[in-house]
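To start, the structure under review is shown below, and the notes come after it.
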Amino acid sequence: MADRPSPGDRGDTARVPDCSALAVAEAVVGVLSGRAGVRGCLATVIDRSGSAPQIVGARLLLREDGVVIGTVGGGALEARVLEACHAGLRDGRSRRVTANLVRDLGMCCGGAMEVFVEYLEAAARLVLVGAGHVGQAIAPIARAAGFRVFVVDDREDMLQHPAFAEATTLDYDVDELTQAVPDLGADDYVVIATRDHRRDEQALAALLQRPHRYLGMIGSRRKVHTVLARVLARAEAAGERPSLARVRAPIGLALGGRTPAEIAVSVVAELIAERRGGDGAPMSVVGEAAERIARADAGGAGRREASG
Numbered sequence: 186m187a188d189r190p191s192p193g194d195r196g197d198t199a200r201v202p203d204c205s206a207l208a209v210a211e212a213v214v215g216v217l218s219g220r221a222g223v224r225g226c227l228a229t230v231i232d233r234s235g236s237a238p239q240i241v242g243a244r245l246l247l248r249e250d251g252v253v254i255g256t257v258g259g260g261a262l263e264a265r266v267l268e269a270c271h272a273g274l275r276d277g278r279s280r281r282v283t284a285n286l287v288r289d290l291g292m293c294c295g296g297a298m299e300v301f302v303e304y305l306e307a308a309a310r311l312v313l314v315g316a317g318h319v320g321q322a323i324a325p326i327a328r329a330a331g332f333r334v335f336v337v338d339d340r341e342d343m344l345q346h347p348a349f350a351e352a353t354t355l356d357y358d359v360d361e362l363t364q365a366v367p368d369l370g371a372d373d374y375v376v377i378a379t380r381d382h383r384r385d386e387q388a389l390a391a392l393l394q395r396p397h398r399y400l401g402m403i404g405s406r407r408k409v410h411t412v413l414a415r416v417l418a419r420a421e422a423a424g425e426r427p428s429l430a431r432v433r434a435p436i437g438l439a440l441g442g443r444t445p446a447e448i449a450v451s452v453v454a455e456l457i458a459e460r461r462g463g464d465g466a467p468m469s470v471v472g473e474a475a476e477r478i479a480r481a482d483a484g485g486a487g488r489r490e491a492s493g
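Numbering (my numbering), first residue to last: 186 to 493.
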């Protein structure tokens, strides 16, 4: 993950007066659910000795917007923990902070503390435009992979499908996408798989103008060429130049699948690759291992011949 600055790096922190466990827990839920709209780092005291200022289990949350909820003891120790939280927000990694309160921080209370700083972010949001067979196959797999799934379709009966039981369903047609998802942002993933080409094209044209992390459309290569040509021609005629940098069409990795379930696996695999920075290449090292074994065997045989 690329380093990202956090407001707290500039000293723009604001402490919430309520330091209770409930206040911290509610703030954590706000981050993980996406309601807060920011990332965070949760610091938890996991070990202590001597006259350390806080008990094991004490927590502090630093949100990306600089808001601090809770405490792990204040003073120099808490300043060091907040530095670790800022670092976590920059690189997206969790870490441990260990400090001897006298030797490392010059605190008079003595003792030592160990704090675990956990990086937190909301599950990525996937907006499925279309509740048909492909959408029904994608939704549960995407949810299992950690996405919050939203489904947009104007057919209420399709939105009632069991595959969407854990999804947020939105009863809108493709010409109402702004109303359906007014808060679409740069971290959101969108898959277009409606019931006909006209709706796919209409949805793509509308969503190209909206922020997104990933925008994909189902269809054959021929369909993609035709649809993109029309969409871009209309945009240029209107003086617009939409970016295709994060557009994928046809969607999915080349797994050779044809059924809705197989297509869903390839689509979610591509979503994961985009989210985690993968390239979709096979991970197998069997060939490399076999070559090493062969070289070792050849070297051993050579040494035996020389000693013989």
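No residue lacks a Cβ here, since even glycine has one placed at the ideal position from N, Cα and C.
Taking 8 Å as the threshold (C-beta atoms), are residue j and residue i in contact?
i, j, result
"Val-257", "Glu-249", "no"
"Val-209", "Arg-244", "yes"
"Leu-400", "Arg-431", "yes"
"Ile-240", "Val-230", "yes"
"Leu-267", "Leu-247", "yes"
"Gly-472", "Arg-380", "no"
"Val-312", "Phe-335", "yes"
"Ala-261", "Val-453", "no"
"Leu-362", "Val-213", "no"
"Leu-369", "Pro-396", "yes"
"Val-300", "Val-319", "no"
Who does residue i pair with in a DSSP beta bridge?
i, result
"Pro-232", "The question names Pro, yet the displayed sequence has Asp at residue 232. In DSSP, Asp-232 forms a bridge with Glu-299."
"Gly-404", "In the DSSP output, where bridge partners are listed per residue, Gly-404 has none listed."
"Arg-333", "Arg-310"
"Val-252", "Ala-199"
"Val-241", "For Val-241, which the question treats as bridged, DSSP gives no partner whatsoever."
"Leu-267", "Looking at the DSSP assignment, Leu-267 forms no beta bridge with any residue, so it has no partner."
"Thr-354", "Val-336"
"Ala-284", "Met-298"
"Arg-433", "Gly-401"
"Gly-225", "Arg-248 and Leu-305"
"Ile-377", "Val-314 and Met-402"
Under the assumption that residue i contacts residue j (Cβ atoms under 8 Å), give the Cβ distance between them as a whole number of angstroms.
i, j, result
"Val-302", "Gly-273", "5 Å"
"Ala-309", "Tyr-374", "6 Å"
"Val-359", "Gln-387", "5 Å"
"Arg-426", "Ala-420", "7 Å"
"Val-314", "Ile-377", "5 Å"
"Ile-478", "Glu-455", "Going by Cβ atoms, the distance from Ile-478 to Glu-455 rounds to 34 Å, so no, they are not a contact pair."
"Arg-384", "Glu-459", "That belief does not hold up - the Cβ atoms of Arg-384 and Glu-459 are roughly 24 Å apart, past 8 Å."
"Leu-392", "Val-416", "Leu-392 to Val-416, Cβ: 10 Å. No contact."
Are any of the Cβ atoms in chain D nearer than 8 Å to that of residue i?
i, result
"Val-452", "The chain inventory of the structure shown lacks chain D, comprising one protein chain alone."
Skipping 5 residues on each side, what residues in its chain have a beta carbon closer than 6 Å to that of residue i?
i, result
"Glu-351", "Arg-328"
"Leu-344", "Ala-316, Asp-338 and Thr-354"
"Ser-234", "Gly-296 and Ala-297"
"Val-412", "Glu-386"
"Arg-447", "The sequence shown places Glu at residue 447, not Arg. Taken in chain order, the list of residues that qualify is empty."
"Val-366", "Val-312"
"His-346", "Gln-321"
Spatial neighbours of residue i within its chain, please: CB distance less than 7 Å, with the 5 preceding and 5 following residues excluded, ordered by chain position.
i, result
"Ala-307", "Val-216, Leu-217, Ser-218 and Gly-219"
"Met-186", "Residue confidence is low: Met-186 scores 46 on pLDDT, short of 50, so the model does not pin down where it sits. Its coordinate-derived value is still stated next. Correct list, in chain order: Asp-276 and Gly-277."
"Arg-461", "none"
"Arg-224", "Val-216, Glu-249, Leu-274, Leu-305 and Glu-306"
"Ala-284", "Leu-262, Arg-265, Leu-290, Ala-297 and Met-298"
In chain order, what residues of the same chain lie with their CB nearer than 8 Å to the CB of residue i, ignoring the 5 residues before and after it?
i, result
"Ala-269", "Cys-226, Ala-228, Arg-280, Val-282, Val-300 and Val-302"
"Ala-371", "Pro-396, His-397 and Arg-398"
"Ala-199", "Gly-251, Val-252 and Val-253"
"Arg-333", "Gly-219, Ala-307, Ala-308, Ala-309, Arg-310, Leu-311 and Thr-353"
"Ile-457", "Ala-330 and Gly-463"
For the ligand ADP, I want to know if residue i counts as a neighbour, meaning its beta carbon is within less than 7 Å of at least one of the ligand's heavy atoms.
i, result
"Ala-446", "In the structure shown, the ligand ADP is absent, as is every other ligand, since no ligand is present at all."
**Prompt:** Is it true that the segment 438-446 meets the segment 406-416, where meeting means three or more beta-carbon pairs spaced less than 8 Å apart?
**Reply:** no
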